[in-house]
Amino acid sequence: KKAKTSGFPYLFYTQKMTEAMAHKLSLENQLRQALDNEEFVLHYQPKVNLASGKLTSAEALIRWNDPRTGLVPPARFIPILEETGLINDVGRWALHKAIDDYLRWHNAGLAAVRVAVNVSPLQLRDRGFSGQILQAIDIHEQAPSGLELEITESLIMADVKHSIASLQTIRAMGISIAIDDFGTGFSSLSYLSKLPVDTLKIDRSFVIEMTESSEGLLLVSTIINLAHSLKLKVVAEGVETEEQASMLRRLHCDEMQGYLFSKPVPGEIFETRFLSPLLLK
Ligand code: C2E
Ligand code: MG
Ligand code: MG
Ligand code: MG
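Adding 1 to a residue's 1-based position in the sequence shown gives its number in my numbering.
This is how it looks when you write it as structure tokens:
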């Protein structure tokens with residue numbers, strides 16, 4: 002076979018490319034169908050206040066419940082949604098679903114629990130995004146004071162001017178903004194002070210480094226102090242050990258999120274495990 006194609010390398014590549022494209026196309030079609038068939042689900046991971054241990058918020062993390070293979074993690078399909086533009090529809094679905102859940106909790110008397118939704122670069126770049134949010138709020142006829150959007154640092158930095166404008170519009174609606182994966186996207190300090198955001202989420206990689214080396218510790222403590230001097234809240238991602246939690250507490254980090262407290266769980270489990278006990282108090 003190799004001898005056959007060696008004189009015409011492009012034939013070989015064409016075949017490989019056709020296979021890759023066919024695979025992507027079928028995945029794309031499956032994802033389109035998944036949206037139609039309502040196969041996407043939101044799992045929620047609690048964030049807790051480090052000082053009080055109280056539940057503050059739930060981060061919505063999307064999964065694809067593929068009827069043939071079970072739950073598919075976002076890393077496996079978000080890139081394809083982004084490449085194909087399907088992210089706008091799926092992102093809109095996630096926004097509506099999260100607001101829906103949030104309002105149900107809110108109306109049950111759990112106004113203090115906020116909801117955070119992850120937003121893709123492409124959604125924020127889409128000119129219609131703020132209109133989409135307005136529509137979501139409008140349908141639900143309620144002010145989204147407990148709604149938070151998480152946007153990765155690298156995205157914001159890719160187009161600072163436009164990002165600032167979009168973030169300002171969104172924040173004017175009463176929605177909070179968190180910079181996700183903070184520390185991985187090379188923010189310059191001068192931009193950081195100009196960004197209309199409320200929260201920094203320290204990336205898990207720094208939380209891991211924090212207990213491994215004195216440089217790691219210094220880095221996290223610097224991020225926390227920086228955030229506080231800019232009047233921002235700090236959340237640590239991916240907290241897995243008591244050692245990490247107590248260190249973050251000593252450094253006055255505001256909130257934590259991670260497997261130590263809980264993995265992301267389906268909405269119903271989040272309600273029975275974390276919300277119902279609050280109602281009984
Ligand atoms: P992210 O927003 O930074 O979410 C944190 C990820 O870390 C989640 O992975 C979460 O399950 C995982 N995680 C949380 N605590 C721990 C821990 O203690 N240890 C470890 N090892 N991992 C932990 P997940 O759910 O697979 O999501 C991955 C990424 O996919 C998210 O990163 C986010 O960028 C993206 N994503 C998730 N849902 C959506 C969505 O609805 N829309 C968009 N655009 N992106 C989403
Ligand atoms: Mg996030
Ligand atoms: Mg994150
Ligand atoms: Mg992260």
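Using N, Cα and C, we set each Cβ at its ideal position, and we do this for glycine too.
By the criterion of at least three beta-carbon pairs nearer than 8 angstroms, the region 145 to 152 is in contact with the region 178 to 189.
A buried status is given to methionine 248, since no fewer than 16 other beta-carbon atoms sit within 10 Å of its beta-carbon. Within the region 176 to 208, complete alpha helix (DSSP H) segments of at least 4 residues are found at 190 to 193, given in chain order. The C-alpha of glycine 268 lies about 14 angstroms from the C-alpha of histidine 107. Looking at the backbone, the Cα of alanine 137 and that of arginine 93 are separated by about 8 angstroms. Here the alpha carbon of glutamate 256 sits roughly 18 angstroms from the alpha carbon of alanine 112. For glutamate 40, the CB stays at least 7 angstroms from every heavy atom of ligand 2. One Cα belongs to valine 49, the other to glutamate 84, and the distance between them is close to 34 angstroms. For aspartate 160, the CB stays at least 7 angstroms from every heavy atom of ligand 2. Comparing alpha-carbon positions, the option among Glu241, Asp160, Gly217 lying closest to serine 263 turns out to be Glu241. Nearest in C-alpha terms to glutamine 245, of all of Lys232, Leu233, Tyr260, Lys234, is Tyr260.
Per DSSP, serine 58 is one residue of the beta strand (DSSP E) stretching across 56 to 67. Its chain contains Glu244, Gln245, Met248 as the residues whose beta carbon lies nearer than 7 angstroms to that of threonine 212, once the 5 sequence neighbours on both sides are disregarded; these appear in chain order.
Its Cα nearest to that of alanine 52, the residue Val235 stands out among Val235, Ser277, Pro278. Short of 7 angstroms from the beta carbon of leucine 233, and not among the five residues preceding or following it, lie these beta carbons of its own chain, in chain order: Val198, Asp199, Thr200, Leu201. In the DSSP assignment, threonine 170 falls outside any beta strand (DSSP E) and within the unbroken alpha helix (DSSP H) covering 161 to 173. Looking only at Ala35, Asn89, Gln133, Gln124, the smallest Cα-Cα distance to histidine 163 is reached by Gln124. One residue list follows from the rule of a beta carbon closer than 5 angstroms to any heavy atom of ligand 2, given in chain order as Asn119, Glu151, Asp181.
Taking a cut-off of 8 angstroms for Cβ pairs, the region 93 to 102 and the region 34 to 49 touch, as three or more such pairs fall below it.
Fewer than three Cβ pairs drawn from the region 128 to 136 and the region 65 to 76 lie within less than 8 angstroms of each other, which leaves the two stretches out of contact. Judged by DSSP secondary structure, alanine 52 falls outside any alpha helix (DSSP H); it is assigned neither H nor E. Distances taken from the Cβ of serine 164 to the heavy atoms of ligand 1 include none shorter than 7 angstroms. Valine 120: not part of any alpha helix (DSSP H); member of the beta strand (DSSP E) spanning 115 to 120, first to last residue. Per DSSP, glutamate 151 is one residue of the beta strand (DSSP E) stretching across 148 to 153. Shortest Cα-Cα distance from glycine 217 to any of His229, Ile203, Ser230 involves Ile203.
If you compare the alpha carbons of Asn38, Arg115, Val266, Gly110 with that of proline 68, the shortest gap goes to Asn38. In this structure, alanine 109 lies away from leucine 281, with their beta-carbon atoms at least 8 angstroms apart.
The alpha-carbon separation between glutamine 16 and alanine 23 amounts to approximately 10 angstroms. The DSSP-derived three-state label of glycine 268 is helix.
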